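Read the structure below first, then the notes.
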Amino acid sequence: MTQGDAPLSADLPSDLADLLVHLSRLAQSAANSPLTAAQWTALRYFARANPVSRTPSAFSEFHATTRGTASQTVRALVDMGLLARHADDRDRRSAKMEVTKAGHDMLAQDPLGSLRKVLAALPQAEQATLARTVRHAVTELATARGAPVFGTCSDCNHCDTSGAQAYCHCTQTLLAAPDMAAFCVDFRPAAGADKA
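Everything in the sequence shown is counted per the numbering used here, starting at 267 for the first residue and increasing by one.
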């Protein structure tokens with residue numbers, strides 16, 4: 267009998283919760299990693315976030331941590347030369363973060379690469395089902411805790427794709443193809459987008 271054929275637990279939700287936490291820790295651990303798990307999360311976040319969401323405060327919301335803790339993580343990545351801080355053109359009190367070339371080089375060593383390979387080996391139908399299920403769980407838990415839900419423009423209620431180019435009604439800007447796959451702090455799930 268393979269592990270996939272094992273009988274279901276009497277407390278499947280608890281088992282799933284434990285497995286997801288264990289999977290997350292296992293995926294983020296790597297021998298001799300130059301970054302902590304929080305630093306990897308921040309570097310990944312800033313590499314995937316849209317320009318509006320590349321701020322330390324948006325990262326603190328994404329990472330569900332305090333602004334002080336998020337700022338320390340960001341400062342460490344800036345000190346390592348993996349992130350660069352730029353003043354926001356619209357609000358000089360705010361800072362925008364950009365991943366540097368060294369940061370992109372570091373992301374090539376991302377410990378999550380192993381998990382991505384495991385997930386890529388799953389049949390596409392299983393990948394799609396897993397994505398919908400996990401997205402639904404994230405949305406439900408974030409909503410219950412009053413935390414923001416992060417997602418991409420392609421699944422966002424603010425995104426209008428009826429024209430020649432996608433348009434964001436929240437930021438009132440046209441969206442290029444890379445924007446459609448970027449994380450956004452202003453994300454609102456489109457009707458049915460988070461349903462498993």
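Positions of the beta carbon are idealized from the N, C-alpha and C atoms, including for glycine.
Bear in mind that the values here come from a model prediction, so they are computed numbers and not experimental data.
C-alpha of residue 372 to C-alpha of residue 435: approximately 35 Å in a straight line. With fewer than 16 other Cβ atoms inside 10 Å of its own Cβ, residue 383 counts as exposed. DSSP places residue 414 in the coil class of the three-state scheme, outside both helix and strand. In terms of Cβ geometry, residue 349 and residue 369 form a close pair [threshold 8 Å].
If you draw a straight line from the Cα of residue 281 to the Cα of residue 291, it is about 15 Å long. Within the segment 358-411, the complete beta strand (DSSP E) segments of 3 residues or longer fall at 361-365, listed in chain order. The DSSP-derived three-state label of residue 435 is coil. Bridge pairing for residue 426: 433 [DSSP].
Within the DSSP bridge table, the entry for residue 450 names 417 as partners. For residue 288, the uninterrupted alpha helix (DSSP H) run begins and ends at 278-294, by DSSP.
Residue burial is scored here from C-beta neighbours: residue 415 has at least 16 other C-beta atoms within 10 angstroms and is therefore classed as buried. Counting every other CB atom within 10 Å of its CB across the protein chains shown gives residue 417 a total of 16 or more, marking it as buried.
DSSP places residue 315 within a strand segment (E or B) once states are collapsed to three. Spanning the alpha carbons of residue 432 and residue 424 requires a straight line of approximately 10 Å. Taking all protein chains in view, the Cβ of residue 362 is crowded by 16 or more other Cβ atoms within 10 Å, so the residue is classified as buried.
Take the alpha-carbon of residue 344 and the one of residue 351: they are about 7 Å apart. Counting other Cβ atoms within 10 Å of its Cβ, residue 324 reaches 16 or more and is therefore classed as buried.
Secondary structure of residue 322 (DSSP, three-state): helix.
For residue 343, the secondary structure class from DSSP, reduced to helix, strand or coil, is helix. Here residue 430 is exposed. Its C-beta has fewer than 16 other C-beta atoms within 10 Å.
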